[in-house]
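Here the structure is laid out as structure tokens; the discussion comes afterwards.
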Amino acid sequence: MRIVTIMTALLLAVGCAEKKEAITTASKDAKQPNVLIIYPDQLRRYSAGFWSKEEYRKYVIGKPDPVITPNIDQLAENGVVFTQAVSNFPLCSPARGMILSGRYPEQNGIWNNCRKDRSESLRDDIPTITDLFYEAGYNTSYFGKCHWLKNEALFDENGTYVGSTEEPGGHYINRYDTYVPPGKSRHSIEYFYQSIRDTHYDPLVYSNDPNTVAGKKDGELHQPKTFTPKNEAEKIKAYLENKHKLRDSDKPFFMMWSINPPHNPWDDENTDMETLAKYYNTDKFPQDSLLAVRENADLKVASYVRHYFANLTSVDHYIGEVMETLKEMGKLDNTIIIFSSDHGEMLGSHGKEGKNVFETEALAIPFIVHWPKGIKAGGINDVLFSVPDVLPTVMGLAGMGQKIPEAVQGYDFSPLIIPSSDTSIEKPKGVLLMLAKSRGILTDRYTLCVEQKADRRNRTPDDKDIYLYDNLKDPYQLKRLGLDERPQEAAALLQLLGSELKRTNDPWYQQKKFKDVIRYE
């Protein structure tokens, strides 16, 4: 790992290198912070109510969404908001691989969405954030969407995991996501509650707690027919309260909650329609233009805006329920809550929906740290923060900075969050961006995009498009700038891109791809 901090004093010792000793230390040390990482899928940065408040509005590129999120707002106002958090690879599986591992795709194994007939899978042999907190003596748990494992036909016709493609196996449960069985692929997650597929009222659920899946065993399919955020929140509250006696309440907990909404589908059958009717009805917002407020939004494409916002407001409600449970238990103040996302959502901008593009709406994500006992409320930080930084930063916050593996490629920004820490750290000049056939750099001002053109019309593999966005003068990225329009800035950005590709040992660096323009030395 590249060290970017002058190491802060540890909050508390978390034990020694031996797992047994570490676990003993954790069980005895009641002051260790708990950790809860919440990351709804496909949530863009400015889809939260607090961005419209005066103290945050000046940090918004363009206009924020008029969405109602009182609990997310509470996290922001009582915590620290990172105003320039970015998803390096705005696609579900690659982003999740980086969140879990703190490493870029070349090192973690996920270069595309995991799905049927693809080989992408998070490597079993690298320590993830759940492995590392387990080694430090935490109770580890995971709720919601996984989408990090190679999808294989290892199920019978009833959706039961058999671990073989031979009969009665040979069946898939979903085109994209798949069940994560016990073993190395589960990465030391002790309590496991997985929701699969993009049907928000009819998820496929697997759990190692039979109390939550109608008595079924780990690997047997359960279909609760309940809105996934509501269903998962109920299970999380029961776990926190230890109703089934499945965790050591003397230990701190480390929990990840990956909520599927506001990911598509955006239709009545997959939306909390009560919330839509209450907050986003046509009486309050007679025109979609009052909701899809970004000036680059195509309103015909953004026709699902009410459904997107309604599901987000519903997600916010269930986050509030979990926060209230923590408060009632006396755990809220000493729980590090991280609120973020895997990537954003275009919501009609540039005539697009979804993600997987190098534009602000897809790249920009929230990153909020809430920890009343450990940090000051109302903090705002404009450091360039990206997905691989989650693992080292959370470990640093929990006093585990010395335990961050050397191979981790993200940065530990905990000194920028913890009061009285030394903040004289080297801040990155830019964030590396990547898609399957594109690379780029995002800085405080510019987005640089280098795209390999599709192999058609007799184009060669060397054909490329290179352009810039000036995000200060052109906040909605309506004009692509050629390199000749900003030659000095373009040269510096291409040099920075080459440096980042080299640092991460990206395949483009290995191949010296487009070396006529990208400066690799």
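The letter at position 468 of the sequence shown is residue 468 when you use the UniProt record's numbering, and the numbering goes up by one with no holes. All C-beta atoms, glycine included, are put in the ideal place defined by N, C-alpha and C.
Handout entry: His343 vs Asn78 beta-carbon contact at 9 Å
Key = As a position in the sequence shown, residue 343 is number 343, starting the count at 1. As a position in the sequence shown, residue 78 is number 78, starting the count at 1. No, they are not a contact pair.
Terminal residues of the beta strand (DSSP E) in which Tyr46 lies:
For the purposes of this step, residue 46 is taken as residue 46 along the sequence shown, with counting starting at 1. No beta strand (DSSP E) contains Tyr46, which DSSP labels as neither H nor E.
query = Is the distance from the Cβ of Asp202 to the Cβ of Asn264 below 9 Å?
reply = Indexing the sequence shown from 1 puts residue 202 at position 202. Indexing the sequence shown from 1 puts residue 264 at position 264. Not a contact, by the Cβ cut-off of 9 Å.
Of the listed residues Asp117, Thr69, Asp209, Thr325, nearest to Pro366 (C-alpha basis)
Counting from 1 along the sequence shown, the entry for residue 366 is found at position 366. Out of Asp117, Thr69, Asp209, Thr325, Thr69 has the C-alpha closest to the C-alpha of Pro366.
Tell me the DSSP secondary structure of Phe309 in three-state form.
Stepping through the sequence shown from its first residue, residue 309 is reached at position 309. Of the three classes helix, strand and coil, the one that applies to Phe309 here is helix, per DSSP.
- Query: Looking only at its own chain, which residues have a Cβ that is under 6 Å from the Cβ of Asn211, when we skip the five neighbours before and after it?
  - Reply: Here residue 211 corresponds to residue number 211 of the sequence shown, with the count starting at 1. Only His244 meet the Cβ criterion.
Fill in: Nearest-angstrom Cβ-Cβ length linking Pro181 and Thr228, presumed shorter than 8 Å
What you label residue 181 is simply residue 181 of the sequence shown in a count that begins at 1. What you label residue 228 is simply residue 228 of the sequence shown in a count that begins at 1. Incorrect: roughly 21 Å between the Cβ atoms, too far for contact.
Pairing CB atoms from the region 85 to 95 with CB atoms from the region 339 to 358, are three or more of them under 8 Å? yes
In whole angstroms, give me the CA-to-CA distance for Pro475 and Gln84. Start at 1 with the first residue of the sequence shown, and residue 475 comes out as number 475. Start at 1 with the first residue of the sequence shown, and residue 84 comes out as number 84. Roughly 14 Å separates the two Cα atoms.
Does the count of Cβ pairs from the region 267 to 275 and the region 150 to 167 closer than 8 Å reach three? no
- Query: Is Arg439 buried or exposed, if buried means 16 or more other CB atoms sit within 10 Å of its CB?
  - Reply: Here residue 439 is taken as the residue at index 439 of the sequence shown, counted from 1. Flag for Arg439 reads buried.
message = Once the 5 residues before and after Thr178 are set aside, which same chain residues still bring their CB inside 6 Å of it?
response = Numbered from its first residue, the sequence shown carries residue 178 at position 178. Leu149, Asn151, listed in sequence order.
- Query: Between Val305, Leu154, Asn174, Thr325, which lies nearest to Gln235 when the distance is taken from Cα to Cα?
  - Reply: As a position in the sequence shown, residue 235 is number 235, starting the count at 1. Just to set this straight, residue 235 is Lys in the shown sequence, not Gln. Cα-wise, what sits closest to Lys235 is Thr325.
ask   = Taking buried to mean at least 16 other C-beta atoms within 10 Å of its own C-beta, is Gly401 buried or exposed?
value = To locate residue 401, count along the sequence shown from 1; it is residue 401. Buried is the call here.
Q) What are the residues that DSSP puts in a beta bridge with Thr130? A) Working through the sequence shown from its first residue, we reach residue 130 at position 130. Answer is none; Thr130 lacks a bridge partner.
Quiz item: The beta strand (DSSP E) spanning Gln84 covers which residue range?
Solution: Mapped onto the sequence shown, residue 84 falls at position 84. Counting along the chain, the beta strand (DSSP E) containing Gln84 begins and ends at 80 to 86.
- Over what stretch of residues does the beta strand (DSSP E) that includes Leu75 continue unbroken? As a first step, residue 75 must be located in the sequence shown, where it is residue number 75. Looking at the DSSP string, Leu75 is not in any beta strand (DSSP E); the run it does join, the alpha helix (DSSP H), is 70 to 77.
- Determine the closest residue to Asp218 out of Asn231, Gln452, Leu204, Gly482, with distance taken between C-alpha atoms. Sequence index remark: in the sequence shown, residue 218 carries index 218 (1-based). The option with the nearest alpha carbon to Asp218 is Leu204.
Sequence-distant residues of the same chain with beta carbon closer than 7 Å to Val67, five excluded per side = Counting from 1 along the sequence shown, the entry for residue 67 is found at position 67. Closer than 7 Å at the Cβ level, and outside the excluded window around Val67, lie Ser47, Ala48, Gly49, Phe309, Leu312, Thr313.
Helix, strand or coil, according to DSSP, for Arg103 in the structure here?
Locating residue 103 in the sequence shown gives position 103, where the first residue counts as 1. In the structure shown, Arg103 sits in coil (DSSP, three-state: anything other than H, G, I, E or B).
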